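Engineer: 287 is the number of the first residue of the sequence shown in this note's numbering; add one for each residue after it. Before we start, here is the structure in question, set down as structure tokens.
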Amino acid sequence: MKVRKAVIPAAGLGTRMLPATKTVPKEMLPMVDKPVIQYIIEEAVASGIEDILIVTNRAKSAMDDYFDYYPELETRLLQAGKEKELIEVRRAADLANIFYVRQKQTKGLGHAIWRAKRFVGDEPFAVLLGDDIMRAEVPVTRQLIAGAEKYGASAVGVQRVSTEAIVKYSSVKISPLEERIYAVSDMNEKPRPEEMFSNYAILGRYVLKSDIFDILENLRPGYGGEIQLTDGLRELCMRDKMIAVDFEGRRYDTGNLNGFLEATIDFALDHKATGPWLRRFIKEKAKQL
Ligand code: UTP
């Protein structure tokens, strides 16, 4: 089993980040000096993915423009001797083979993934949520692909979260296979504490077999009236092998304000252009708090 393709659903309305996301896609908000989605594409590429499909909507054309060439700007940078900027601007456009499909109605994550059916065909594929940035020594998608290939299974990326936090995620029913890898036999979306299967929550990364498409196609709306990916995954794990990979790395949910700010501060502290200055600024600020 070889995973060559990835799907990035990025057609959500971003209501938790309004009004900023009314006209700017949340995936295009700057994380220090690059848009959020670039980090996600870089993770996919570093995980061995060759072709990437971004699921967008009518308000998100800034994304396809970003991953395109911009001759007028590039000529101006060249003339001004701004070689470093020119390289960065070009690099974004040359990162991967990027394709786009629109989700014409915002019917949920499961529906967005279903739009990738024609792109994916019958291969296994990775899914990376468009607003979840992972920082890890080994790219998280690569960790999932390694597990999926070893077990010939679909895979979901999980981490332990508190019982208070599990209500925001999908909880998985698991049994251990080896260190950090579990077999998945059931799951539920946004469970109340008494309904949860475990404290392991699915966090933004998946490797799925193409059987998921037939399941999604026949799914009825679930939680929140949306076609839920979790409902599809639940059926998939009952039909076929699925593993949970307790991945090593830190996840940032940039789709909510606090998560976005946490990521911005951490990334800016580690960035050579901003880190030393920000460290001094925070120390000064802390004295006043
Ligand atoms: P989220 O729930 O985090 O995104 O969906 P959202 O719907 O944009 O967020 P809020 O709640 O309104 O702030 C998880 C992922 O699924 C995508 C989102 O873009 C995000 O990457 N998604 C969600 C779609 O592509 N289509 C949908 O219909 C819903």
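Just so you know, even glycine gets a beta-carbon here, dropped at the ideal spot from N, CA and C. Computed from a predicted model, the values in this text were never measured in an experiment.
1) Which residue marks the beginning of the alpha helix (DSSP H) containing residue 427, and which one marks its end?
2) Using DSSP with H/G/I as helix, E/B as strand and the rest coil, what is residue 301?
3) What first and last residue would you give for the alpha helix (DSSP H) that runs through residue 365?
4) So, helix, strand or coil for residue 537, using DSSP?
5) Within a Cβ cutoff of 7 Å, which residues of the same chain sit near residue 393, ignoring the five residues on either side of it in sequence?
6) Just the C-alpha distance for residue 496 and residue 290, rounded to the nearest angstrom, thanks.
7) Determine, using beta carbons only, whether residue 468 and residue 477 come nearer to each other than 9 Å.
8) Pull up the CB-CB distance for residue 326 and residue 414, whole angstroms please, since I reckon it's below 8 Å.
9) Where does residue 473 fall in DSSP's three states?
10) May I ask whether a heavy atom of ligand 1 can be found less than 8 Å away from the beta carbon of residue 317?
11) On the three-pair Cβ rule with 8 Å, is the region 482–502 touching the region 369–378?
12) Thinking C-beta only, is residue 388 closer than 9 Å to residue 442?
13) Using the Cα positions of residue 487 and residue 471, report the straight-line distance between them to the nearest angstrom.
14) Return the bridge partner residues of residue 411 from the DSSP annotation.
15) Flag residue 313 as yes when its Cβ comes closer than 8 Å to any non-hydrogen atom of ligand 1, and as no otherwise.
16) Which class does residue 446 belong to by DSSP, given the choice of helix, strand or coil?
17) Given this structure, state the Cα-to-Cα distance separating residue 519 from residue 455, to the nearest angstrom.
18) I'd like the list of long-range same chain contacts for residue 515, defined as Cβ closer than 7 Å, with 5 residues on each side in sequence excluded.
Structural biologist: The structure says:
1) Taking the first residue of the sequence shown as position 1, residue 427 is located at position 141. Where residue 427 is concerned, the enclosing alpha helix (DSSP H) stretches over 426–437.
2) Looking up residue 301 in the sequence shown gives position 15. Residue 301 falls in the helix class under three-state DSSP.
3) Your numbering for residue 365 matches position 79 in the sequence shown. Residues 357–365.
4) Against the sequence shown, residue 537 aligns to sequence position 251. Residue state, collapsed to three classes: strand.
5) In the sequence shown, counting from the first residue as 1, residue 393 sits at position 107. These residues qualify, in order along the chain: 512, 513.
6) Within the sequence shown, the letter at position 210 stands for residue 496. Within the sequence shown, the letter at position 4 stands for residue 290. C-alpha separation (whole angstroms): 13 Å.
7) As a working note, residue 468 is residue 182 in the sequence shown. As a working note, residue 477 is residue 191 in the sequence shown. Not a contact, by the Cβ cut-off of 9 Å.
8) As a first step, residue 326 must be located in the sequence shown, where it is residue number 40. As a first step, residue 414 must be located in the sequence shown, where it is residue number 128. 5 Å between Cβ atoms; contact.
9) Locating residue 473 in the sequence shown gives position 187, where the first residue counts as 1. If DSSP states are grouped into helix, strand and coil, residue 473 belongs with the strands.
10) Working through the sequence shown from its first residue, we reach residue 317 at position 31. No, ligand 1 has no heavy atom inside 8 Å of this Cβ.
11) no
12) Along the sequence shown, read from residue 1 onward, the residue named residue 442 stands at position 156. Along the sequence shown, read from residue 1 onward, the residue named residue 388 stands at position 102. Contact flag unset, no.
13) Taking the sequence shown and counting its residues from 1, the one referred to as residue 487 is at position 201. Taking the sequence shown and counting its residues from 1, the one referred to as residue 471 is at position 185. Whole-angstrom Cα-Cα distance: 14 Å.
14) Along the sequence shown, one-based indexing puts residue 411 at 125. 291, 494.
15) Sequence index remark: in the sequence shown, residue 313 carries index 27 (1-based). Yes, since a heavy atom of ligand 1 falls inside the 8 Å radius drawn around the Cβ of residue 313.
16) Counting from 1 along the sequence shown, the entry for residue 446 is found at position 160. Of the three classes helix, strand and coil, the one that applies to residue 446 here is strand, per DSSP.
17) The residue you call residue 519 lines up with position 233 of the sequence shown. The residue you call residue 455 lines up with position 169 of the sequence shown. Approximately 14 Å, taken between the alpha carbons.
18) Counting from 1 along the sequence shown, the entry for residue 515 is found at position 229. So the qualifying residues of the chain are 395, 396, 399.
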